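Here's the structure we're looking at; comments come further down.
Number of protein chains: 2
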Amino acid sequence: MIQAVGYATNHSFTDLKPLKFERDEAKPNEVTIDVMYCGVCHSDIHQAKNEWGNTVYPCMPGHEVVGRVSAVGSAVTRHKVGDMVGVGCMIDSCRQCAPCKEGDENYCEGPNSWLATYNGPMVPAKKAADEKNHYGRDNTYGGYSNVLVVAEDFALKIPAGLKPEAAAPLLCAGVTTYSPMKHWGVKAGSQVGIVGFGGLGDIAAKMAIAMGATVTIFTTSEEKLDEARRIGATGVPEENLKKEVDPTNPLTLSFDFILSTVPEKHDLNPFLPLLKRNATMVICGDLGPLMPVNNMQLASHRNGVAGSLIGNLADTQEVLNFCAEHGIAHEIEMLDIKDINDAYKAVEKGEVRYRYVIDMATLKAEDAD
Amino acid sequence: MIQAVGYATNHSFTDLKPLKFERDEAKPNEVTIDVMYCGVCHSDIHQAKNEWGNTVYPCMPGHEVVGRVSAVGSAVTRHKVGDMVGVGCMIDSCRQCAPCKEGDENYCEGPNSWLATYNGPMVPAKKAADEKNHYGRDNTYGGYSNVLVVAEDFALKIPAGLKPEAAAPLLCAGVTTYSPMKHWGVKAGSQVGIVGFGGLGDIAAKMAIAMGATVTIFTTSEEKLDEARRIGATGVPEENLKKEVDPTNPLTLSFDFILSTVPEKHDLNPFLPLLKRNATMVICGDLGPLMPVNNMQLASHRNGVAGSLIGNLADTQEVLNFCAEHGIAHEIEMLDIKDINDAYKAVEKGEVRYRYVIDMATLKAEDAD
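Right, here's the structure in full:
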C-alpha cells in the first residue's frame, strides 16, 4: 500500500482538512503519479457540500490533476517514469458498452457509468433497482492529494508547450467546453455565443477564437466587458437582452451555437431568439432542472436545447494539444492548499478570475493527524 | 371580386357560423380553388378561441384544404383547371430571406414570417418594435370556405393514389410529423418513440413504420394500446414510465428519436432516459413553455430537446407522395360543416379517432346571412 495524504471533508458542513490514507499500489495497467497541481472546480464544492445528494464521506475532491509519473505497472506502455501527465474527471469506465468501445467513455452506459476520480464507485439511488445508493469497496479519493494511481489510458500526456499548472483546468473546464464545440461543429467563421465568463466561459471563448469563430460573451458583470474585449471577444451585458424576440437586436438569429457555462439555474429564453435556424444552445454548466423553455421559440426556427457532460479521453488529449499549439490557457491563481476553504468561498461568490490551482508542494504530510 | 362563403367566429367565446365574404380574383401567379375538403386541426380551435392571444376576428380557420383548380392566373405553369390540389398552413412567405431561398419557407425570417392560410398577415406584438399587434389590409380567411385563392407554388399536387379527403390532414398533421422525422434522420432500422396517439401520432407512427422504423407509441389511453398493435406499433401506457432513470425498463437508452405530438403541456422527463446517446426528443405538438427539463439527464447521454414547426413546401409534396406510394392515410371521420362546433368539443375531449374532415359540399351559401 502507498501511504498518502490529502485534504478531505467529513460532512457537508465541515471544512476540508488534512487526511492520511492508503492507496493501492499500481496494478499492471496502472501508473502512480506524484501530484504537482490540482485545479479547483465548482463541482468540487457541489460534491463536498453534498449538493447533488450522493456524496460519500470522507470526500476528497480534485479532478483537474497534473503530476509526474513515479512508477508504472508491468504492462504499461503509454507512459514512463518522469512523464508529465494529467487526470480529469474519470479514472475508469466499463470498457464494454457501445460508447466505451467507440471512445465516448464519458457517456459510458455500464451499470455504474464511468468511475469518477473522486466520490466513486457507486450506484446512485436513481439507477439502483431498490432506489438506494450502493457503494463499492472504495470511495475514490481525488487529486487534492500527493499521489494518485490510475489506469494508464486515463492519464493524458501534458504537451511540452503547456505550463503544467495551467494544464490542470483544461482537464475538466477545458474539455467540458471543447467537447460540445467540436460535437456541434464550431469552426472558422462560426458565430459563437458564450453565456457566463468564469472558469469555463474564459477558456471556451479563447478556444472558439482560436478555432476562427467570432465570439460574443454574455455576462451579468459589467466589469467583465473589458476583459472580453481583451481576449478578442465582444462582451454583451445580459440585461440588454429581452425575454422574447427583439427585432431591434442585431444579434437576433445570428448565432450558430450558444454555450451556457453558468453553473446555476438561469433563464434560457432570452438567448433562444439569438440562434440561427437549426442551431442548438448547449447547457454544460448547470446540471439541474432547467427553467421552462418556450417551445414556440424553439419551433419557429427549429432550434434545440441540449446537454453535454465533460468529454471523452480523445477529446481531453485533443484539448491539451490544441491549447499548447495555440498558446491558450486559463488565467490561474496559485493556491496554498491550507487556503482551500477560503478559496471555496471565493468561487461561490464568483470572485476568482478564472481558476484556482492548488500547488501541491504546499501539502505536508506532517500537517495530517 | 369572388363572392365566397365560409364558417367563422366573431369572438373567442362564440360558435362558428356561416359568413359571406369576398376574395380577390387570382393574380397572374395565383390559382383559384373550389374547396372540397378541409381537415379540422387542434390549432383551429386554439386560434378560434384566441388561446395564442393573437387572433383577428372574424376568424375563419382551416389549413388542411383540398380542392379542384377552377381558374388560373396568366403566369401559372404548375397547375391547370381541374387539377386536384392541396393547401396547408402557409399561402405565401417573404421569398427573400435565406430560409425561403433554401426552400425552408416554414422558417421564413422575413419581417412577418410566412403568411398563414388564416389569421394573417400580421406582425405579432412580440416581433413589433412598439410591442403591439400590427394587422395588414387582409385578415386571411382559411379553408372552412367554398373557395380559396393562393400563389401557385403554395398549392401542392394531390397524387392520384390518395383519396382527396384523406389527403387533407397530411397538409398539416402529416407534414408536421414527417418533417422532423426526415430532419432528424429516421430511417429503416430506427427505433422511434411517438408520444400521444391522436391525429399527429397516428400518421407519424404509420409513416415511421413505412420508413422501416420500429415504432413504440406512448399513450395515456388504455384502449389505444390495441389500436397501436393494429397499425404495427407497440403501445406502452405512459404510466408505466418512471420520472427518472429506470434501469429495469428495457426501453431505457433504446430510442434513436422520440416525437411528442401531445397538444398540451406535459412532463418530458420520463421520456429522456429512453433516448440513446446523442438522440433528440422533438416536441411538435405543444408550442407553449415546456415543463422544466432535467439537464443532468440530457447531459448524461448528450441528448437534446428541440422544436419543429410544420414543414416546408417540398416536404409537404413529399409527404403526399410518400403516403400515396405506401397506401398510408389518417383514419378520418367526415363532417357536415353545420356540426363543426360539436366537432371542436369532441377534439378538445380527445374523442375523435383520428381526424375530422369537413365535406365542403355541406356548405350552402344560402345558410349565410
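These protein sequence lines are chains L and S, in that order. Note that the numbering used here has the first sequence beginning at 1, numbered continuously upward. Note that the numbering used here has the second sequence beginning at 1, numbered continuously upward. Every residue, glycine too, gets a C-beta built ideally from N, C-alpha and C. In this text, all values refer to a predicted model and were calculated from it rather than measured experimentally.
| Query | Result |
| --- | --- |
| So Val175 (chain L) and Ile310 (chain L) are supposed to be a Cβ contact under 8 Å. How far apart are they, rounded? | 6 Å |
| Can you name the residues that DSSP bridges to Met84 (chain L)? | L:Arg68 |
| Look at the Cβ atom of Leu375 (chain L), then the Cβ atom of Asn278 (chain L), and state whether they are nearer than 7 Å. | Since the displayed chain L opens at 1 and closes at 369, residue 375 (chain L) lies outside it and no answer follows. |
| Which partner residues of Asn294 (chain S) appear in the DSSP bridge assignment? | L:Pro289 |
| On the CB-based measure, 16 or more other CB atoms within 10 Å of its CB, does Leu334 (chain S) come out buried or exposed? | Inspection of the sequence shows that residue 334 (chain S) is occupied by Met rather than by Leu. Result: exposed. |
| Consider the Cβ of Ile194 (chain S): report whether some Cβ of chain L lies at a distance smaller than 7 Å. | no |
| Please confirm if Tyr107 (chain L) has its CB atom under 7 Å from at least one CB of chain S. | yes |
| Which residues, in order along the segment 235-266 of chain L, keep a beta-carbon less than 7 Å from a beta-carbon of chain S? | Glu244, Val245, Pro247, Thr248 and Leu253 |
| What is the C-beta distance between Thr280 (chain L) and Thr177 (chain L), in whole angstroms, given that I count them as a contact (C-beta under 8 Å)? | Contact doesn't hold; Cβ gap of about 14 Å is too wide. |
| Who pairs with Gly235 (chain L) in a beta bridge, going by DSSP? | L:Ile217 |
| Give the residues of chain L in contact with Pro292 (chain S), contact being defined as C-beta atoms less than 7 Å apart. | Pro289, Leu290, Met291 and Pro292 |
| Cα-Cα, which of S:Leu171, S:Lys349, S:Ile33 and S:Lys182 is closest to Gly380 (chain S)? | The question about residue 380 (chain S) has no answer here: the residues shown for chain S are numbered 1 through 369. |
| Is Pro111 (chain L) closer than 7 Å to Ala75 (chain L) when the C-beta atoms are compared? | no |
| Under a three-way DSSP split, which group does Tyr356 (chain L) fall into? | strand |
| Suppose the cutoff is 7 Å on Cβ atoms and the five residues either side in sequence are ignored; what does the same chain contact list for Arg137 (chain S) look like? | Unreliable placement is indicated for Arg137 (chain S), whose pLDDT of 49 sits below 50; no coordinate value is reported for it. |
| Per DSSP, what kind of secondary structure is Phe257 (chain S) in: helix, strand or coil? | strand |
| Please say whether Tyr7 (chain L) and Ile337 (chain L) have beta carbons closer to each other than 7 Å? | yes |
| With a threshold of 16 other CB atoms inside 10 Å of the CB of Glu51 (chain S), please say whether the residue is buried or exposed. | exposed |
| Is there a C-beta anywhere in chain S that falls below 7 Å from the one on Thr14 (chain L)? | no |
| In chain order, what residues of the segment 86-102 of chain S put their CB closer than 7 Å to some CB of chain L? | Pro99 |
| Closer than 6 Å by C-beta to Ala173 (chain S): which residues in its own chain qualify, once you throw out the five before and the five after it? Chain order, please. | Gly199, Leu200 and Ile203 |
| Find the residues of chain S that neighbour Asn295 (chain L), judging by a C-beta separation of less than 8 Å, and give them in chain order. | Ile283, Asp286, Leu287, Gly288, Pro289, Leu290 and Gly307 |
| To the nearest angstrom, how far is it from the Cα of Pro159 (chain S) to the Cα of Val192 (chain S)? | 27 Å |
| Can you tell me whether Glu109 (chain S) is helix, strand or coil according to DSSP? | coil |
| How far does the beta strand (DSSP E) with Asp440 (chain L) in it extend, from its first residue to its last? | Outside the displayed range of chain L (1 to 369) lies residue 440 (chain L), so it cannot be described from this structure. |
| Go to Val175 (chain S), then tell me how far its alpha helix (DSSP H) extends in each direction, as first and last residue. | Ala173 to His183 |
| According to DSSP, is Arg277 (chain L) helix, strand or coil? | strand |
| Just how far apart, CA to CA, sit Ser300 (chain L) and Gly53 (chain L)? | 38 Å |
| Name the residues in the segment 144-172 of chain S whose C-beta lies less than 7 Å from a C-beta of chain L; which are they? | none |
| Going by Cα to Cα distance, which pick from L:Asp24, L:Glu64 and L:Ala368 is closest to Ala71 (chain L)? | L:Asp24 |
| Please decide whether Arg23 (chain L) counts as near chain S, where near means a Cβ-Cβ distance under 7 Å. | no |
| At least one CB of chain L closer than 7 Å to the CB of Ala405 (chain S): is that the case? | Not covered by the structure: residue 405 (chain S). The range shown for chain S is 1 to 369. |
| Assuming Val186 (chain L) and Ala168 (chain L) form a contact by the criterion Cβ under 8 Å, report the distance between their Cβ atoms to the nearest whole angstrom. | With 8 Å as the limit, Val186 (chain L) and Ala168 (chain L) do not qualify as a contact, their Cβ atoms being about 24 Å apart. |
| So with CB distances below 9 Å, who are the chain L contacts of Asn303 (chain S)? | Ala306 and Gly307 |
| For the alpha helix (DSSP H) containing Gln47 (chain S), name the first residue and the last one. | His42 to Ala48 |
| Would the C-beta of Gly307 (chain S) count as close to the ligand COA, meaning under 6 Å from any of its heavy atoms? | Questions concerning the ligand COA fall outside what the structure shown contains, since it holds no ligand whatsoever. |
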